[in-house]
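Trainee: Structure below; questions to follow.
Residue numbers (my numbering): 6 to 180.
Spelled out as structure tokens, the structure:
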């Protein structure tokens, strides 16, 4: 595919992000046996905001994760992702009349990435057994583990709702 440089175009970054997300979804599907899908460039229509998200992960029709890819202005990407997640929560609430915990417990994960900071791919990583190849594998594995953990947590929310609600409440009480 080539080297992903800081000035790479958006299409190249999207290829890297897409590959990581697809691999993560595949793993989560195998672990949970639940149907989840990746929806690139999904239009999310909230009460106050409407717009396309780079990637949305859905369990059935429920949005569970919104991913934003940014080359520059990552802080703006966080703000944009927050607004996208809020709109996605509004979409989820419209789809279901009542949730397991009422309106105050529904949550969605947001991911903002540059696609370059954690994983660096260079031609030298193509050499089998090289240190660059090993580093690439480690970094890809680390990123996929985090994404899988988030998605698995969100997909399995119905398995142990009382325990999950208690953990979340304890977290907020500590703050």
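Glycine included, C-beta positions come from ideal geometry on N, C-alpha and C.
Does the beta-carbon of residue 57 have 16 or more other beta-carbons within 10 angstroms, so that it is buried, or is it exposed?
Mentor: Position 52 of the chain shown, counted from the start, is the residue given in the question as residue 57. With fewer than 16 Cβ atoms within 10 Å of its Cβ, residue 57 is classed as exposed.
Trainee: On the premise that residue 113 lies in contact with residue 148, defined as a C-beta separation below 8 Å, what is that separation, rounded to the nearest angstrom?
Mentor: The residue labelled residue 148 in the question sits at position 143 within the chain shown. The residue labelled residue 113 in the question sits at position 108 within the chain shown. Between residue 113 and residue 148 the Cβ distance is about 20 Å, and since that is not below 8 Å, they are no contact.
Trainee: Could you tell me how far apart the beta carbons of residue 49 and residue 61 are, in whole angstroms, since I believe they sit closer than 8 Å?
Mentor: Taking the chain shown and counting its residues from 1, the one referred to as residue 49 is at position 44. Taking the chain shown and counting its residues from 1, the one referred to as residue 61 is at position 56. Right, the Cβ-Cβ distance comes to about 7 Å (below 8 Å), so this counts as a contact.
Trainee: Taking the alpha-carbon of residue 16 as reference, which of 75, 29, 33, 131 has the nearest alpha-carbon?
Mentor: For the purposes of this step, residue 16 is taken as residue 11 along the chain shown, with counting starting at 1. Nearest option by C-alpha distance: 75.
Trainee: Secondary structure at residue 67, three-state DSSP: helix, strand or coil?
Mentor: Here residue 67 corresponds to residue number 62 of the chain shown, with the count starting at 1. Here residue 67 sits in strand by DSSP.
Trainee: Just grab the DSSP bridge partners of residue 154 for me.
Mentor: As a working note, residue 154 is residue 149 in the chain shown. Paired residues: none, contrary to the question.
Trainee: Note down, in chain order, each residue of its chain lying with its Cβ closer than 8 Å to the Cβ of residue 35, except the 5 sequence neighbours on either side.
Mentor: In the chain shown, residue 35 corresponds to position 30, counting from 1. Correct list: empty, nothing qualifies.
Trainee: Could you check if residue 122 is buried or exposed, using at least 16 other CB atoms within 10 Å of its CB as the buried criterion?
Mentor: On the chain shown, residue 122 is found 117 positions in, with the first residue counted as 1. Classification of residue 122: exposed, given that the 10 Å Cβ count is below 16.
Trainee: Figure out for me which residue from 134, 126, 52 has the closest Cα to the Cα of residue 97.
Mentor: Here residue 97 refers to the residue found at position 92 of the chain shown. Of 134, 126, 52, the residue nearest in Cα terms is 52.
Trainee: In chain order, what residues of the same chain have a beta carbon less than 7 Å from the beta carbon of residue 86, not counting five sequence neighbours either side?
Mentor: Working through the chain shown from its first residue, we reach residue 86 at position 81. Only 71, 73, 115, 117 meet the Cβ criterion.
Trainee: Classify residue 89 as buried or exposed, calling it buried when 16 or more other Cβ atoms lie within 10 Å of its own Cβ.
Mentor: On the chain shown, position 84 is the one that residue 89 refers to. So residue 89 ends up on the buried side.
Trainee: Starting from residue 43, follow the beta strand (DSSP E) in both directions and report where the run begins and ends.
Mentor: Walking along the chain shown from the start, residue 43 turns up at place 38. Note, residue 43: beta strand (DSSP E), 41–50.
Trainee: Less than 9 Å separating the beta-carbons of residue 141 and residue 41?
Mentor: By one-based count along the chain shown, residue 141 stands at place 136. By one-based count along the chain shown, residue 41 stands at place 36. Contact: no.
Trainee: Let me know if residue 55 comes out buried or exposed under the rule of 16 or more other beta-carbons within 10 Å of its beta-carbon.
Mentor: As a position in the chain shown, residue 55 is number 50, starting the count at 1. Exposed is the call here.
Trainee: Going by DSSP, what residue range makes up the alpha helix (DSSP H) through residue 82?
Mentor: Numbered from its first residue, the chain shown carries residue 82 at position 77. Residue 82 -> alpha helix (DSSP H) spans 79–100.
Trainee: Can you say whether residue 135 is buried or exposed, counting buried as having 16 or more other CB atoms within 10 angstroms of its CB?
Mentor: In the chain shown, the residue the question calls residue 135 occupies position 130. Answer is exposed; the Cβ neighbour count stays below 16.
Trainee: So what's residue 61 in DSSP terms, helix, strand or just coil?
Mentor: One-based indexing of the chain shown puts residue 61 at position 56. Residue 61 falls in the strand class under three-state DSSP.
Trainee: Once DSSP output is grouped into helix, strand and coil, what is the label at residue 175?
Mentor: By 1-based counting over the chain shown, the position of residue 175 is 170. Reduced to three states, the DSSP call for residue 175 is helix.
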